[in-house]
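What follows is a short report on a single structure.
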Amino acid sequence: MGTDPNASTAPGQIQELERKIADLERREVSRNKEQDFIREVLYWIDSLVVVIDTRGYIVNFNRASERLSGYTFAEVARQPFWDILLLPEERDGVKSTIKEVAYRELPRYFHNSWVTKDGRIREISWKNSVLRKDDGSIEYILCTGRDITEQKQAEATLRESEAKYRELVEHANSIIMRLNQEGKITFFNEYAQRFFGYSEEEIVGQHVIGTILPERDQAGCDSASMLANILEHPDKYAFNENENRLKNGEAVWISWTNKATCTAEGELIDILCIGNDITKRKQLEDQLRQAQKMEAIGTLTGGIAHDFNNILGIILGYTEIAQHRLSAEDPIRTILDEVKTASLRGRDVVSQLLSFSRKNEQKQSLIDIRPVIQESLKMLRSTLPANIEFQTSIPSENFTIEANSTQIHQILINLCTNAAQAMKESGGRLAVSLEQVDLKRKEIVFDTHLLPGDYIKLTVRDTGDGIDPKHMQRIFDPYFTTKEVGKGTGMGLSIALGIVKAHGGGIRSESRIGGGTTFEVFLPRVRQDARQETIHDKQALPSGTERILFVDDEKMLVDLNQARLHYLGYTVTSAVDPNQALELFQSDPGSFELVITDMTMPGMNGDRLSRHILDIREDIPIILCTGYSERISRESAKAAGLAGYLEKPVDMQTLAETVRGVLDTSKNQD
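Numbering follows this note's numbering, with no gaps: position 313 of the sequence shown is 329.
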């Protein structure tokens, strides 16, 4: 009986097949469960998840996508996502990318705009990946995204803010720069570039010292030490002022506000420096200090003027008395002439100093300028350093101008002092000359205010270092000086120019580095012989026999003027106390024909004494004498009813003429 050879194995094969089928079913169930789990996770995560097929149709749309877009999965399922979610202008590009994904790599990252169901536009950043079948072909495209609308808006706002900040910084009317921890400039705004004269290419990366900071400023301060302190202790230098340098070398003052940027550990990264030009303010402060010094000089001068003029008056008075008691041939008269000239010069110096504090106009008269120049040069010879050679050229003919001799003296002293300072180190030659010139209109290019005509030209020339051309336009500016601190006020040349202008003249200056400096002073010439200042002592002294009450708190001046008036023939009653003088006048008002009183006296000033006397007898002429007073002047004395006004020290001729003139005027009025 035959048998089937496979009969014994058939049941085993069936069992194996059944086992494999069961295993596949288990795997399918597990796979479905896994897919369900993944779909559930993707649905609930916060990131946007969109799955599309190769045609662009939506096959998955998670909860985050629904919430952002406003669409449910049911509304978008199996529809091309670009028709629902994209802006029209972006659709074609996305379609093209999806169609080519089979043979072209999909962009891993990109972003586009979503149009939500309610019409809002949202910016989305995507990360893409492909899901492949077992054969390697693309089945789906998985897109995970996040809403970056607020981020984009913030970035746009930041960019706009940065642009505005940069524009503000670049166009600010302030110097703005950054310094790194080495002191090098890392930022320099446009205003700073214009102000200092450096381009961005020239300055950025350069050290601040040697560019806008000098190694040492004009006061001698070391900039490196200052910068080291700023970099080490920036909090202590939140505000500071210091001298800086423009590219052309000009010194300027900047007020800085500094803000340090540091790491979390406190290490310095850089310093933001914002500066403003305060050069004019500093100049005004310097001018104020100089003005205060001048005011102090004026106050001091005013304080000593009364006593000093009294002393000069005593010297001058007794010198004149001695002269009048000597014969014209006596050789001692020559000595006394020198004493008198010195006394008059001292009087003029005090008057000149007072003019600065009171700003009074100085009296001008016709003088021969030569004696004034020669006297000034005589004084200068003894003060110049030995290494300076002195040369003069003063012609013998008469050089007449209308001027104040003390001010002419000051012009020459100021110019020669400047010249001597320019040669103090290496020595040189100082030349002073005087000549008459006829200025033509075409020659007056240095001062358009001058008129053509005859001038006296005073030239002061030195062989010193010369003046830098960049400073020549400013040498006559008040308080401008290139000297070290404490070695010049910057007033000498400005005062000289002011005096020359007041005399109707002008100054021409020339200089070159290493070639010395020349100043030419032009003063209008007067075509007549000058009247000498000492002419009074050659005229007859007016005299009289009237009775005079003389009042002064200085006993020596009382004795001097009593002797003078006695010499002139007058009867004099004197008093050193104003109250005593008032009692003398009250006791017999009709016995006096003139009262001469000092202004500044203890207990009662001269103007007050005069009012009391005029209250007693209103027709009595009174002459007021003063060495210095801010309370009264020639004009105010006249307005107060006083008959005469004398400034101390008073010479014999002036005293005699004033007394006689007042008495004669009073008699004529009677």
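Just so it is clear, CB atoms sit at the ideal spot from N, CA and C, and this is done for glycine as well.
These numbers were taken from a predicted model, which means no experiment stands behind them.
field: Stretch pair the region 624-644 + the region 274-290: three plus CB contacts closer than 8 Å
entry: no
- request: Under 8 Å by Cβ, that's how I've got THR70 and ILE154 pegged, so tell me the actual separation to the nearest angstrom.
  value: 6 Å
field: C-alpha gap between GLU673 and LEU557, whole angstroms
entry: 7 Å
- prompt: Contact check, ASP478 vs GLY532 under 8 Å by CB: the rounded distance?
  reply: 5 Å
task: Please name the residue, chosen from ASP151, ASP150, GLU139 and GLY152, that lies closest to GLU704 on a Cα-to-Cα basis.
output: Outside the displayed span of the chain (17 to 686) sits residue 704, for which this structure offers no information.
- prompt: From ALA512, MET193, GLY520 and PHE212, pick the residue whose C-alpha is nearest to that of TRP272; which is it?
  reply: MET193
message: Going by DSSP in three states, TYR586 sits in which element: helix, strand or coil?
response: coil
message: DSSP three-state label for HIS223, please.
response: strand
message: I need the DSSP call for HIS552, collapsed to helix, strand or coil.
response: Since pLDDT at HIS552 reaches only 40, below the 50 mark, its modelled position is unreliable, and the value read off the structure follows with that caveat. In this structure, HIS552 counts as helix in the three-state DSSP scheme.
query: Are the region 480-489 and the region 433-443 touching, with three or more C-beta to C-beta distances below 8 Å?
result: yes
- prompt: Within this structure, are the beta carbons of LEU225 and ALA244 separated by less than 7 Å?
  reply: Checking the displayed sequence, the identity of residue 225 turns out to be Ile instead of Leu. No; because the gap between Cβ atoms is not below 7 Å, this pair is not in contact.
query: What is the C-beta distance between ILE586 and GLY606, in whole angstroms, given that I count them as a contact (C-beta under 8 Å)?
result: The residue you asked about is not Ile; residue 586 is Tyr in the sequence shown. Between GLY606 and TYR586 the Cβ distance is about 17 Å, and since that is not below 8 Å, they are no contact.
Nearest residue (CA-CA) to GLU599, options ILE68, VAL567, PHE415 and TYR214: VAL567
query: Where do the ends of the beta strand (DSSP E) carrying GLN278 lie?
result: The amino acid occupying residue 278 in the given sequence is Cys; Gln does not appear at that position. Here the beta strand (DSSP E) through CYS278 covers 267-278.
query: By Cβ distance below 6 Å, which residues in the same chain neighbour ARG361 in space, the five residues on each side in sequence not counted?
result: none
message: Could you check whether GLU562 and LEU658 sit closer than 7 Å to each other, using their CB atoms as the reference points?
response: no
query: Hey, how far is the Cα of VAL453 from the Cα of SER409?
result: 15 Å
- request: Leaving out five residues on either side along the sequence, give the residues of the same chain with a beta carbon under 6 Å from the beta carbon of THR687.
  value: Any property of residue 687 remains undetermined from this structure, which presents the chain solely from 17 to 686.
- request: Look up CYS237 in the DSSP assignment and give the residues it is bridged to.
  value: Bridge partners of CYS237: none, in fact.
message: Quick check on GLY135: buried or exposed, where buried means 16 or more other Cβ atoms within 10 Å of its Cβ?
response: exposed
field: Outcome for SER343 when other beta-carbon atoms lying within 10 angstroms are tallied against a minimum of 16
entry: exposed
query: Name the DSSP beta bridge partners of TRP142, please?
result: PHE126 and GLY161
query: Count the other CB atoms within 10 Å of the CB of SER359; is the residue buried (16 or more) or exposed (fewer)?
result: buried
Beta-carbon contacts of ALA264 that lie in its chain and below 8 Å, excluding the five residues immediately before and after: Contrary to the premise, residue 264 reads as Asn rather than Ala in this sequence. Once the five neighbours on either side are set aside, the close Cβ partners of ASN264 are GLY213 and LYS486.
message: Give me the residue from ILE389, GLU418, GLN407 and LEU467 with the minimum Cα distance to ILE429.
response: ILE389
- request: Provide the residue(s) that pair with ASN260 in DSSP beta bridges, ordered along the chain.
  value: VAL268
Environment of LYS554 [buried if 16+ CB atoms lie within 10 Å]: Summary for LYS554: the model assigns pLDDT 46, below 50, so the residue's position carries little reliability, and this model does not support an answer.
- prompt: How many angstroms separate the CA atom of ALA208 from the CA atom of SER190?
  reply: 7 Å
field: Among ILE639, ARG541 and ILE515, the one whose alpha carbon lies nearest that of LEU565
entry: ILE639
task: State buried or exposed for ARG457, treating a residue as buried only when at least 16 other CB atoms are found within 10 Å of its CB.
output: exposed
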